[in-house]
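Protein sequence lines correspond, in order, to chains V, P, W and X.
Counting in full-length UniProt numbering, the first sequence tops out at residue 207, every number present.
Counting in full-length UniProt numbering, the second sequence tops out at residue 416, every number present.
Counting in full-length UniProt numbering, the third sequence tops out at residue 90, every number present.
Counting in full-length UniProt numbering, the fourth sequence tops out at residue 990, every number present.
Structure, as structure tokens:
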Amino acid sequence: MADHSSHDPLAGIPFDRVPPSGAYGAGGAAGVTVATTDTPFIALVVARNGFAASVAGRLGRAFGVEVADQARAAIGAASTVVGTGPGRFLVLSKTEPDLAGTLRALLGVEAAITEQDDAYVTFDLAGDKVPDLIAKGALIDLDPRVFLPGHAATTVIAHIGVTLWRVHESGWRLLVARSLEASFTRFLVASGAEFGLRLENGTAGRG
Amino acid sequence: MRYSFLSLLANGLSGQSRWTPAWRDAAPKPAYDVIIVGGGGHGLATAYYLAKVHGIRNVAVLEKGVIGSGNAGRNTTIIRSNYLLPGNEPFYEWSMKLWEGLEQELNYNAMVSQRGILNLFHSDAQRDAYARRGNAMRLAGVDSQLLDKARVKAMYPFLDFDNARFPIQGGLLQARAGTARHDAVVWGYARAADRLGVDIVQNCEVTGFIREGDAIVGVETTRGAVRAGKVAVAVAGSSSRVAGMAGLRLPIESHVLQAFVSEGLKPVVDGVITFGAGHFYISQSDKGGLVFGGDIDGYNSYAQRGNLPVIEDVCEGGMALMPRIGRLRLLRHWGGIMDMSMDGSPIIDRTPVPGLFLNAGWCYGGFKATPASGWCFAHLLAKGEPHETAGAFRLDRFRTGHLIDEKGVGAQPNLH
Amino acid sequence: MRIPCPYCGERDAHEFAYLGDATLTRPDPAAAEAEQAFHDYVYLRDNPAGAHEEWWYHANGCRQWLRVARDTRTHAISGAVAARVAGEPA
Amino acid sequence: MSTSNRNRLTAGGLIDRARPLGFSFDGTRYRGYEGDTLASALLANGVRLVGRSFKYHRPRGIFSAGAEEPNALVELRSGARREPNSRATVTELYDGLEAASQNRWPSLAVDALSLNRFLQPFLGAGFYYKTFMWPAAFWEKLYEPIIRRAAGLGRAAEEADPDHYEKATAFCDVLVIGAGPAGLMAALAAGRAGARVILADEDFLPGGGLNAEAGDVGRKPAPAFAAEMVAELMSLPTVRVMTRTSVFGVYDSGTYGALERVSDHLPEPAPFQPRQRLWRIIARRAVLAAGATERPIVFGGNDRPGVMLAGAVGTYVQRHAVLPGQKIALFANNDGAWREMLAAHAAGAPVETIIDVRTEVAADLTQAARAEGIRVLTGAQVIATAGKTLTGLTVATASGTERIAADTLAVSGGWSPSVHLTCHHGGKPRWEEAIAAFVPGTCPPGLSVAGAAKGVFGLGACLKDGAAIGAEAAQALGFTVPALDVPDVADAPFALTPFWHVEGSKGAAFVDLQNDVTAKDVGIAHKEGFRSVELLKRYTTLGMATDQGRTSNVTGLAIMASLTGASIPETGTTIFRPPYTPVSMGALAGHHRGKDFRPVRLTPTHEWARAQGAVFIETGAWLRAQYFPRNGEKDWLETVSREVTSVRAGVGLIDVSTFGKIDLQGRDVGAFLDRVYINGFAALAVGKARYGVMLREDGMVMDDGTTARLAPEHYVMTTTTANAAKVYQHLEFCLQVLWPELDVALSSVSEQWAQIALAGPRARDVLARVADGDVSNAALPFMGAIEGTVMGGVKARLFRLSFSGELGYEIAVPARFGAALAQALMQAGEEFGITPYGIEALGVMRIEKGHVSGNELSGQTTAGDLGFGRMASTKKDYIGRTLAARPGLTDPDRPAFVGFRPVDPSRRLRAGAHFLPLGAAPTMANDQGYMTSVAYSPHLGHWIGLGLITRGPERLGERVRAYDPVRGEEIEVEICAPGFIDPEGVRLRG
Ligand SMILES: Cc1cc2nc3c(=O)[nH]c(=O)nc-3n(C[C@H](O)[C@H](O)[C@H](O)COP(=O)(O)OP(=O)(O)OC[C@H]3O[C@@H](n4cnc5c(N)ncnc54)[C@H](O)[C@@H]3O)c2cc1C
Ligand SMILES: NC(=O)c1ccc[n+]([C@@H]2O[C@H](COP(=O)([O-])OP(=O)(O)OC[C@H]3O[C@@H](n4cnc5c(N)ncnc54)[C@H](O)[C@@H]3O)[C@@H](O)[C@H]2O)c1
Ligand SMILES: Cc1cc2nc3c(=O)[nH]c(=O)nc-3n(C[C@H](O)[C@H](O)[C@H](O)COP(=O)(O)O)c2cc1C
Ligand SMILES: [Zn+2]
């Protein structure tokens, strides 16, 4: 673990590498902590024409959450269903190894399913300063009074496409395309340094 | 009054009291041989060459505001003839030739300044594309040089050669390219046309056409009806609106392009530089302002102003290319409405409506065309035949498929 | 400029890709004069100064094609609907 | 350190005398205090000459106390942090500040170019348009370089800006711009109602006019009242107060641009702090409370250091406890300026004379002045000034002229509301006769104006107006606004007689101080017909300097109006454009510079490739392995040739994950693909892949790639790397807009799958060791596509495809297994000498094989040009079919795709060379096409090329010239079929 105290928190870190785990920026208690993980199982459900509501209902019943066809994250104990577009749901699961298979069985002809387990890197951001940090890249209203737990958005942060949702009071989850992990982490480090940022890169399944 | 050191001296000694109007502020007469709609660079140049080259002097230029208040007065002043396609290249080179003698021709210093344009490339594919273009230019008898990185560095050592996301590999240089003082071009043509008898009528908006049968025989304006043998439209960003009054739909969308100027500075950039890995180009005006721009905003607009995303995009490109400009300040930014044609190239042609002629589709690149556009449009109006260098700029090329698509992006104006 | 995406809510225009006039209909390729009709469809535009119906694709969002009503003189946006539920072209 | 501070009052002001700050100007060291600006500190130290003007290099001093400053521009800091053209009047003093004067040589006091003033009679408006034309060649060589060196003001830093910048976005219900009395009240009204409020002020000390106000507000000194308001606002949970933040532009849909100067008041940014931050503030409503700017009166010698706006004199005295001079005179046309001077006098400023153009001035004012021993001259005009910095004035009165000693002349011609932001959407301000000023006209949607910005000049009225407008904004959004107690302040009437220009005064009378535009220049413009304000501006450069004519525009147009005889509203103003005050480029770029200019996409095997010694190259957003050099290889060509040879002789692998991968599911996928590709896909068998070509509707080729059918209702499409996003968007357009009835669901799976191409005669041997199932020719024939597993259970898709012309496969595995797959293949292939290869070798092999790629898919080529004519189905409609039939696209003379070989095999080919018939002159008319791609073929031992040439396929065997003057080369080439290797395709079917 490296502790970076220079003026430029990214000094010496090659741009084509994920910055190493460690504390960046201002000292003291970190204003933001960032943990990257490979969420084990992700699938994208795209409802076929006319089935969006039905698909939402089935997903909700199957995972024990309230799913509507809108930009919300329905967060269950083992699974989360995130709306990313009309009739489009990203399903994340900690426990379903063949998530796509399960979903195919569940939804039959009502939806097209694709495996997306490896498409994203998950960034878990925690701390009071998270909205301020994300506001340095995104043009959406993240005020904690407006963007409530369970709210989700698919948007751009610093030229990088992101799907994000607020998990609970001070926890936020961001999905970023795997190929952009290094650049996105650089953005977080550069922008979070003023608050003090602690980065923990997960290694599960990587490589 | 002819302009010279002597006239300057005489006026200086007489307390600047003897100057006369650069052009008459004419009122519209009832009829003209040719009416030119639009007092931008193109309209005024057309009037000048009609009078000068073809002896047609009973001509009026009708301008809805003051002359030069359109794109002629708000562009980034780059002149060049570094085009790729045979439909374009000879025309722009003809324009370049006219620029080269413009001041003496007009007796007006338009500050035509051939300090060179350098188009940077950042990949092998881009290099090959520029080589293709540079060779095409040579075939048309135009100067071009393909520079490697070392030569680019020697010219502009302060570009980011060490830490760039898209490293500079080299550039295509046209040394004869450069800039001209935009307003002076307008005023110079206006003054010269006026001297030859052309009426320049300002605050005179064309609001409709007078028809006899199919043919157009004059215009309705905010200052009354004016009849004409021929009506020539050169209204740039307003082409669709004016053509619409004659019942024509054009292969054109109007889009906004923004431009930017910094606070005045001692010399920073000598020539014109374009960034090949983003949307940014820059030169420095003789007054010291860095004049720069980038991509169009990308949506239909008549508002003459743009939005932050493109401003940010342009400045990101600027900082990526020239990290020394971080502490320099943007002084002003504005927008112009361009007539983006469906293949990115212009139209100088008759229209299906008898008596109506069209000069349009100049996109973000018509300033450099001003002299040749005027020359060729005047030729068409006088002779009834296109000028040899402008023969490809036909309105029916979209129907026949003889497109002049320099960028190869097809019928999507916001990508040209 | 902010576009009211019916799914995502109001979003800055830079999240979208623009395609222009949304009042055009792809012609019938089998009809007589199809080439002329395609020419008009692909190349000719009303290009109005004022109310304009236009396509915007929410590329960095819900991936919907939206039909947006916007004034080209003021950039004021009066509404946006998804292409798929938009029904017949306006 | 000089400790003089001789012009500092011993008490009062909003400076902290306990916190002295050292600074230097032109190398001399001085002292100021916290709360000073550079300008106030210079004045405190008696420094009056601070700069040289743009054109005539005339000595200039400090003219204002705010953002409108035209004269006191300095270079701030040094080295890589040098900031030219910094206004001393808004530069917050910090310890160690270094400033230098600019636009002078060799020194500020002795400036060679000040000789220009002798040429001044000849250098009137537009002089350069009238001369420097002879001889023509002298312009670039002689005249222009001189002009360029003389022009400009400060010098840019020569090194990269070392500081960090960032951008951020904030949302609010009500944005209040300006924290003067009106803004504070507006923010309070909306904030107490519970609205989310942002209050932004460009000053480091909120309060606006209150900070220079001598009187009390709500029984407290005005600055204390302001501080109390700010404290309450900061305590409200929904209010955010942003100081040092200029709102610079009004963009669409309630988006405001603002610049926060986070660290400019520090010697350098604190660790991990940006220097500045660009804000995009998205506000449902906004209240502009930006105040007003005082304007001068134009008279001969009005640019002498010591001539200063009256309000600025007041601000320096009240706020900074600085006396701008020891002998102060006022020249004005309005009551407000009198009050300002009386208050300054009361605070200790030696005001000796008041000169007013009006013959009648309110008796209370004249009496008050006389009571203080101030001499009053009414019906009088200043007609000349004297001194290097001001020492005296000549005043014309009814009884003649007289000279008056003064080191400071306060001037006031009235006030102009700061309407700038109201004009950013093209709104035109309206002339208000009562105050002789422009007030806001049509405002951008959602923006209302309060206080002096709207022409409400009394302090009491500003407070009330602010409260009302703030309440209105909150109410419009549905908030209930509690009643607000607005302190009562009795406002004196605002009495003014419009007066612009002392005609017949001696010496140059400057309208635009920074650009050296004089009243005479306005006269020249008038004579020459540049009478419209827009022409006046452009011809004379009036209002085009760094201050954008804050103090000169109205005066200039008033002078023009008096010449034309038109009224001021008929004459109109020029348009105000953003930014309201200049904004640094660094802030507008934010984080996105250097390597972070744009994000980089890394392939799943990036680290693996690095470990293999790869050299990487940018291809669009991606970074890809270009080649893998080995020790002893002398150049890239040797490496690439080795890689190609190894593949063709044995086997190699390359990461091709960058291709776009689109998953299509549904009943109608086959029908859909038939409409987007020129060739047919509905009949493609399950388990097979097919190459497809896609057109734009205008008939040009858009993209190509293979699409495989994995199940009856399930296809996966690959696109080129460059066009991945474009094709996806296009397919969504077709489905959502053109054919919403089709049952097709699209998903991008580009990121999910790592894809590795394995090629070479031993490819199957290698694959067999890694795949878990049967990969024999029977199980996986050419163009086969099957799902299975590899490496003992890793889900995989296996495609038998070949770009190289060799027996080839593409193996897709979930992205996190990409590197493992590469490793496994390397291991499995070890005995066959497997080699990783990069995109250079890939390119060589595809050129050898004659496949088209990015260089050929230029958007200017048709399917016919590229040899795909026969692929196009005639039995169905597809996008682009109709317009591809236009004569221009079917002309048999169009350049068409073929191969080229050098007649002399030792010669190198170059992409971008044009083709000319042998012996033909190098002219455009003889141009027949160009070389699109070239490679050195190790297989053939010479360079080969692909290209487009007129009627190419009919001319195989013919020789032409490849003409490449930009690289000084020209060689003879032979036209050949595009496949240089295995044209029959035996290898790939093997
Ligand atoms: C920001 C920007 C940067 C540019 N940079 C460059 C560059 O660097 N190099 C380059 O070559 N080109 C550039 N261009 C393009 C170039 O400015 C234009 O192509 C060119 O000026 C158009 O021709 P014009 O001068 O005749 O047009 P304009 O000056 O726009 O003239 C058209 C005139 O028609 C008038 N008009 C419109 N409707 C009517 C009516 N109904 N009745 C009467 N009059 C009417 C208008 O008021 C206007 O004055 C740029 C354009 C913009 C907007
Ligand atoms: N003496 C006179 O005749 C006269 C004339 C006019 C005004 N005044 C006085 O001036 C005051 C006017 O009050 P007010 O509240 O309308 O204005 P103000 O001048 O007190 O406050 C305006 C504030 O807005 C800020 N500001 C301006 N533009 C900005 C921008 N774009 N972004 C961020 N901040 C910006 C300024 O820094 C300033 O603090 C009153 O005290 C009034 O009496 C006096
Ligand atoms: C080449 C060029 C240089 C310019 N330089 C300046 C400048 O130094 N100062 C300035 O205020 N505006 C400058 N402008 C911008 C004009 O003030 C004005 O914004 C532009 O011509 C568009 O007109 P509009 O803003 O009236 O619509 C420049 C414009 C051009 C085209
Ligand atoms: Zn959306």
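Built from N, CA and C at the ideal position, the CB exists for glycine as well.
For clarity, every value in this text was computed on a predicted model and none was experimentally measured.
query: Output the residue ranges of the beta strand (DSSP E) runs that lie fully inside the region 807–850 of chain X and measure 3 residues or longer, sorted by chain position.; result: 808–814
query: Would DSSP call residue 648(X) helix, strand or coil?; result: helix
query: Any beta carbon of chain X sitting closer than 9 Å to that of residue 323(P)?; result: yes
query: Do you know whose CA, among 677(X), 55(X), 868(X), 170(X), lies nearest residue 118(X)'s CA?; result: 55(X)
query: Which ranges would you report for the beta strand (DSSP E) in the region 587–659 of chain X if only whole runs of at least 3 residues count?; result: 615–619, 622–627, 652–655
query: If the criterion is Cβ atoms closer than 9 Å, does the pair residue 32(V) and residue 127(V) meet it?; result: yes
query: With distance defined between alpha-carbon atoms, name the residue in 489(X), 446(X), 93(X) nearest to residue 210(X).; result: 489(X)
query: Find the nearest neighbour of residue 410(X) within the set 65(X), 583(X), 834(X), judged by alpha-carbon distance.; result: 65(X)
query: Just how far apart, CA to CA, sit residue 70(V) and residue 134(V)?; result: 22 Å
query: If you scan the region 131–188 of chain X from start to end, which runs of the alpha helix (DSSP H) of 4 or more residues do you find wholly inside it?; result: 144–150
query: List the residues of chain X whose Cβ lies closer than 7 Å to the Cβ of residue 268(P), in chain order.; result: 156
query: Would you call the region 948–963 of chain X in contact with the region 163–171 of chain P, where contact means no fewer than 3 C-beta pairs closer than 8 Å?; result: no
query: Give the list of continuous beta strand (DSSP E) stretches no shorter than 3 residues that lie fully inside the region 271–321 of chain P.; result: 272–274, 281–284, 289–300
query: Please check if any C-beta of chain X sits within less than 9 Å of the C-beta of residue 81(W).; result: no
query: Using a Cβ-Cβ cut-off of 9 Å, state whether residue 414(P) counts as contacting chain W.; result: yes
query: For the region 260–271 of chain P against the region 329–339 of chain P, are there 3 or more C-beta pairs whose distance is under 8 Å?; result: yes
query: Compute the Euclidean distance between the alpha carbons of residue 53(V) and residue 68(V), then round it to the nearest angstrom.; result: 7 Å
query: Quick test of the definition: if touching needs 3 or more C-beta pairs under 8 Å, does the region 699–710 of chain X touch the region 680–687 of chain X?; result: yes
query: Please list, in chain order, the residues of the region 40–55 of chain W that have any C-beta partner in chain C closer than 7 Å.; result: Note that chain C does not occur in the displayed structure, where the protein chains are V, P, W and X.
query: Run the CB neighbour count on residue 39(W), radius 10 Å, all protein chains shown included, and call it buried at 16 or more, exposed below.; result: buried
query: I believe residue 80(W) touches residue 5(W) by the beta-carbon criterion, under 8 Å. Please report the beta-carbon distance rounded to the nearest angstrom.; result: 6 Å
query: So residue 356(X) and residue 380(X) are supposed to be a Cβ contact under 8 Å. How far apart are they, rounded?; result: 7 Å
query: Just to confirm, does residue 14(W) get its C-beta within under 8 Å of one of the non-hydrogen atoms of ligand 4?; result: no
query: Check whether chain W comes within 9 Å of residue 71(P), counting only Cβ atoms and requiring the distance to be less than that.; result: no
query: What first and last residue would you give for the beta strand (DSSP E) that runs through residue 795(X)?; result: 794–799
query: Since residue 111(X) contacts residue 52(X) with CB under 8 Å, what's their CB separation in whole angstroms?; result: 5 Å
query: Starting from residue 142(P), follow the beta strand (DSSP E) in both directions and report where the run begins and ends.; result: It is not in any beta strand (DSSP E) - residue 142(P) carries neither H nor E in the DSSP assignment.
query: Quick check: the region 27–41 of chain W against the region 303–314 of chain X, are there 3 or more CB pairs under 8 Å?; result: no
query: Kindly indicate if chain V contains any beta-carbon less than 9 Å away from that of residue 432(X).; result: no
query: Kindly indicate the opening and closing residues of the alpha helix (DSSP H) around residue 91(P).; result: 89–100
query: Considering only DSSP beta bridges, list what residue 36(P) is partnered with.; result: 61(P), 232(P)
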